[in-house]
Amino acid sequence: MQDDRERLAADRARWEKTTLAKSLERLPERRSEFTTISGVQTQRLYEPGADEVAAYQREIGFPGEYPFTRGVHPTMYRGRLWTMRLFAGFGAAEETNERFKYLLSHGESGLSVAFDMPTLYGLDTDDPQALGEFGKCGVAVSSLADMEILFDGIRLDEVTTSMTINGPAAIIWAMYLVTAEKQGIPFGELGGTLQNDILKEYTAQKEFLFPPEPALKLVIDTIEFGSRHLPKWNTVSISGYHIREAGSTAAQELAFTLADGIAYVQASLDCGLALDDFAPRLSFFFNAHSDFFEEIAKYRAARRLWAKIMRERFGAKDPSSWMLRFHTQTAGCSLTAQQPENNVVRVALQALAAVLGGTQSLHTNSMDEALALPSASAVRVALRTQQIIANESGVTNTVDPLGGSYFVEALTDELERQAREYIERIDRLGGMVAAIGVNYPQQEIAEASFRYQQEVESGERIVVGVNGFTTDEPVQVPLLRMDPEGERRQLARLAEVRRRRDRAQAERCLRALSKAAAAGENVMPYLLDAVRAYCTLGEMTQALREVYGSYMEVPVL
Amino acid sequence: MVERGKIRVLLAKPGLDGHDRGVKVLARALRDAGMEVIYTGLRQTPEMVVESALQEDADVIGLSILSGAHMDLVPRVMELVRQKQLTDIVVLVGGIIPDEDMRALQEMGVAATFGPGSSTADIANFIRARLAGQPA
Chain P
1491 MQDDRERLAA DRARWEKTTL AKSLERLPER RSEFTTISGV QTQRLYEPGA
1541 DEVAAYQREI GFPGEYPFTR GVHPTMYRGR LWTMRLFAGF GAAEETNERF
1591 KYLLSHGESG LSVAFDMPTL YGLDTDDPQA LGEFGKCGVA VSSLADMEIL
1641 FDGIRLDEVT TSMTINGPAA IIWAMYLVTA EKQGIPFGEL GGTLQNDILK
1691 EYTAQKEFLF PPEPALKLVI DTIEFGSRHL PKWNTVSISG YHIREAGSTA
1741 AQELAFTLAD GIAYVQASLD CGLALDDFAP RLSFFFNAHS DFFEEIAKYR
1791 AARRLWAKIM RERFGAKDPS SWMLRFHTQT AGCSLTAQQP ENNVVRVALQ
1841 ALAAVLGGTQ SLHTNSMDEA LALPSASAVR VALRTQQIIA NESGVTNTVD
1891 PLGGSYFVEA LTDELERQAR EYIERIDRLG GMVAAIGVNY PQQEIAEASF
1941 RYQQEVESGE RIVVGVNGFT TDEPVQVPLL RMDPEGERRQ LARLAEVRRR
1991 RDRAQAERCL RALSKAAAAG ENVMPYLLDA VRAYCTLGEM TQALREVYGS
2041 YMEVPVL
Chain S
3 MVERGKIRVL LAKPGLDGHD RGVKVLARAL RDAGMEVIYT GLRQTPEMVV
53 ESALQEDADV IGLSILSGAH MDLVPRVMEL VRQKQLTDIV VLVGGIIPDE
103 DMRALQEMGV AATFGPGSST ADIANFIRAR LAGQPA
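Those protein sequences? They're chains P and S, same order as listed. Quick note on numbering: our numbering labels position 62 of the first sequence as 1552, and the sequence is numbered without any gaps. Quick note on numbering: our numbering labels position 29 of the second sequence as 31, and the sequence is numbered without any gaps.
Listed below in structure tokens is the structure:
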């Protein structure tokens, strides 16, 4: 062993002095320093580590086994492809229901609901604060009546559904559950994912309603309810996606996401839940940004680090509790409004990174998303991109094809190291809720995004079509325009719901909900009753707000 | 021309949209370019924005909207700007704004719109030129 190591070092020194030196003299390198998009230094060359076999056994191992660096399944995509799940939603429930059926008919394998801004804030469509926001960033769901139309003709025991909703996640989930109930499907047969990751709202996505402590309690209620009644449901999708979109580096995305995960686990334990009852249903959601190898390394490091955290820090016994399963979305912030066709190529590379990193499900962005909501034809190209990777590229034929690449392994180690440092820092601050309170993650993200913008503006980083290889040709992409009838239909339906329901019953349910929240009971059963009585999203949010209070941030520049 | 101090820019996020990466980067960049920047934070109504502009004696209002609600929120801001007789104020809109909406906003009196990929240096230059009375 020792001899091998010495021989390799000597050989490397010889190569540097002869072959390399001669080459550099003739043709110096393009820059003095190469880094990933997040600023991680990239060496010229990577080579075998000193104790390669021992390190393999300790840090990499076999897929489906601790520490899961090579994947959570022993056969990965040889057994089953990832779920192709496109985030979709706009206008009223009818239009989105049609888009869902369109996607399913083109081979999509799971649904993912985008809600509009008022819904994300727990507001009904007729709330004055909803001015201009109806149906723009997703579908409006103000009551059970909308949810029933959204899934009309779609059997909820035949698809899995992911719902991107956070502040009012428990309420929207209750609406989904009652919709299934009305289809005659028991809760236990439902599979899907609730994003329900409130902590990253305070640091990145900013769709918060209540202060962090009661908001966290609401998340714990859903975790508890899910672990009792919905064994196939992912109760929280702990999300780095939005942290990255807000401008973080890859290591920050990884670290802040896992630190949020630690906070959910700790809070659940503090409420008396048993670790191995709920931990297997925690899932994750990462960004697929443009730096190909850094992203692959990030996913591998995430699996390994979470496995170690769950086993060593929390003492989980069930191997399913150690597994980090994740959804990926390609980076919206990397799309350019200039030469939008180029985005097809960006998305393909990012999607490939997600697949080589072992994702469980994937959303690919559409080429026109820096301009407007995606049109149906642009969405189809995005879905086809996944189908080409799955069916034509051959990358699915072996598990973790880049495992053992000197570079990828070194970068995996480096990202794990950087993420660990951030997590230790957050631990010293008293955990993620305390760190948010002193704006620590917010500041780190703002710094990183400003640095990146400066690099682009100085020309140090080239974004094709934006600060290099530009053209003056006008952009020609067919854009989706919304049917103005949708909002009228939605408002009429909402008025009808309020008129037709048993008013006394609705009021009783809302009072019971406030009372349960004030008493610190699990609010899920009360939400289900309120949904059945056709209480609206805005009314249920208000009933909780009376107890929990509101939250507004002090902006950090 | 009356000698005056730093250019005062009020940056705001009207509506419910929480995408604040761009506006925060711009706030820092304009500050570094020597301007006085007041950032209102999230979830401002048009009334709150115009009131802040008045209170802060702003030369420029920058509205950042990525949710698609610009055709409802911006006209309301422009109406209030007229009502309060803040006609000298330069209103800029940044975000995801389709071309035909850009033209409509400019007809309402918006000085310029800046879409994805805009450079902060270009925005700073535009503001300086516009306030100096030059065609930007």
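The beta-carbon is built from N, C-alpha and C at its ideal position, and this holds for glycine as well.
For residue i, which residues in the same chain have their Cβ closer than 6 Å to its Cβ, ignoring the five residues on either side in sequence?
i	result
S/V4	Confidence is the limiting factor: at S/V4 the pLDDT is only 46, short of 50, which leaves the residue's position unreliable and the question unanswerable from this model.
S/A71	G17
S/A29	L13, V39, Y41
P/Q1531	T1525
S/I129	V62
P/A1996	A2023, C2025
Could you name the residues of chain P that residue i contacts, counting a contact when the two beta carbons are closer than 8 Å?
i	result
S/I125	Correct list: empty, because the minimum Cβ distance to chain P is about 11 Å.
S/A71	M1607, L1621, G1622, E1623, K1626
Whose Cβ in chain P lies nearer than 7 Å to the Cβ of residue i?
i	result
S/V27	S1939, F1940, Q1943
S/D74	L1621, G1622
Compare the Cα-Cα distances from residue i to each of the options and report the closest residue.
i	options	result
P/G1737	S/K8, S/V11, S/H21	S/H21
P/D1750	P/S1652, P/K1512, P/V1923	P/V1923
P/Q1932	P/E2043, P/S1599, P/K1626	P/E2043
P/R1979	P/I1926, P/D1616, P/A1787, P/K1672	P/D1616
P/L1720	P/N1832, P/A1757, P/H1732, P/D1647	P/D1647
P/L2047	S/S69, S/D19, S/R33	S/R33
P/S1773	P/P1891, P/M1653, P/A1503	P/M1653
P/Y1556	P/K1798, P/T1609, P/E1671	P/K1798
P/Q1966	P/A1868, P/L2000, P/A2023	P/A1868
P/S1522	P/K1512, P/Q1533, P/P1676	P/Q1533
P/E1945	S/I9, S/K8, S/G7, S/V27	S/V27
P/L1695	P/K1722, P/L1610, P/A1630, P/M1800	In the sequence as displayed, the identity of residue 1695 of chain P is Gln instead of Leu. Nearest option by C-alpha distance: P/L1610.
Less than 8 Å between CB atoms is the rule here; does residue i satisfy it with respect to chain P?
i	result
S/M110	no
S/T122	yes
S/M3	Caution is warranted here: a pLDDT of 44 is assigned to S/M3, below 50, making its placement in the model unreliable, and the coordinate value is therefore given only provisionally. It does not; no Cβ of chain P falls within 8 Å.
S/M37	no
Under 9 Å Cβ-Cβ, which residues of chain P neighbour residue i?
i	result
S/L44	K1696, M2042, E2043, P2045
Interface residues of chain S around residue i at Cβ under 8 Å?
i	result
P/L1814	In chain order: nothing, as chain S lies at least about 26 Å away.
P/Y1611	L18
P/A1862	G70, I98, P100
Can you name, in chain order, every residue of its own chain whose Cβ lies under 7 Å from the Cβ of residue i, other than the five neighbours on each side?
i	result
P/T2031	G1612, P1658, I1661, L1699
P/P1770	D1808, S1810, S1811
S/P77	M110
P/I1879	A1841, L1842, V1845, V1885
P/V1928	L1919
P/L1970	A1862, L1863, P1864, S1865
Is any beta-carbon of chain S found at less than 8 Å from that of residue i?
i	result
P/Y1731	no
P/E1947	yes
P/L2034	no
P/L1969	yes
Mind pulling the chain S residues with CB within less than 9 Å of residue i?
i	result
P/P1608	L18
P/T1826	P118, G119
P/A1936	R23, K26, V27, R30
How would you list, in chain order, the residues of chain S whose beta-carbon sits under 7 Å from the beta-carbon of residue i?
i	result
P/A1736	R23
P/V1956	G119
By Cβ distance, which residues of its chain are closer than 8 Å to residue i, with the 5 residues on each side in sequence left out?
i	result
S/S54	L12, A14, I40, T42, Q46, A60
S/A106	M73
P/A1578	T1586, R1589, F1590, L1593, L1601, S1602, V1603, A1604, V1869
P/V1956	T1826, Q1828, V1946
Below 7 Å, is the gap between the Cβ of residue i and the nearest heavy atom of the ligand ADP?
i	result
P/L1765	The ligand ADP is absent from the structure shown, which contains no ligand whatsoever.
Sufficient close CB pairs (3 or more, under 8 Å) joining the stretch 1834-1841 of chain P to the stretch 1800-1813 of chain P:
Contact fails: fewer than three Cβ-Cβ distances are below 8 Å.
Touch check for the stretch 1521-1531 of chain P and the stretch 1773-1784 of chain P: three-plus C-beta pairs under 8 Å?
Output reads yes: the stretch 1773-1784 of chain P touches the stretch 1521-1531 of chain P.
Inter-stretch contact at 8 Å, needing at least 3 Cβ pairs: the stretch 1851-1860 of chain P / the stretch 1812-1830 of chain P:
Contact between the stretch 1851-1860 of chain P and the stretch 1812-1830 of chain P is present: 3 or more CB-CB pairs across the two stretches fall below 8 Å.
For the pair the stretch 1741-1750 of chain P and the stretch 1791-1800 of chain P, tell me if three or more CB-CB distances fall below 8 Å.
Touching, yes.
Whether or not the stretch 1981-2001 of chain P and the stretch 1628-1638 of chain P are in contact is what I'm after, with contact meaning three or more pairs of Cβ atoms, one per stretch, closer than 8 Å; do they touch?
With a cut-off of 8 Å, the stretch 1981-2001 of chain P and the stretch 1628-1638 of chain P count as touching, because enough Cβ pairs lie within range.
Across the stretch 1755-1770 of chain P and the stretch 1697-1712 of chain P, are there enough close Cβ pairs to call them in contact, namely three or more that are closer than 8 Å?
Cβ pair count under 8 Å is three or more, so yes.
Do three or more CB pairs link the stretch 1536-1548 of chain P to the stretch 1492-1505 of chain P at distances below 8 Å?
Contact holds: three or more Cβ-Cβ distances are below 8 Å.
Are the stretch 1724-1734 of chain P and the stretch 1675-1684 of chain P in contact at 8 Å, needing three or more beta carbon pairs?
Yes, the stretch 1724-1734 of chain P touches the stretch 1675-1684 of chain P.
Are at least three pairs of beta-carbons, each pair with one atom in the stretch 93-107 of chain S and one in the stretch 1892-1900 of chain P, less than 8 Å apart?
Contact between the stretch 93-107 of chain S and the stretch 1892-1900 of chain P is not established, with fewer than three Cβ pairs separated by less than 8 Å.
Would you call the stretch 1583-1597 of chain P in contact with the stretch 1999-2013 of chain P, where contact means no fewer than 3 C-beta pairs closer than 8 Å?
As far as the Cβ criterion goes, the stretch 1583-1597 of chain P does not touch the stretch 1999-2013 of chain P, which means the pair count is below three.
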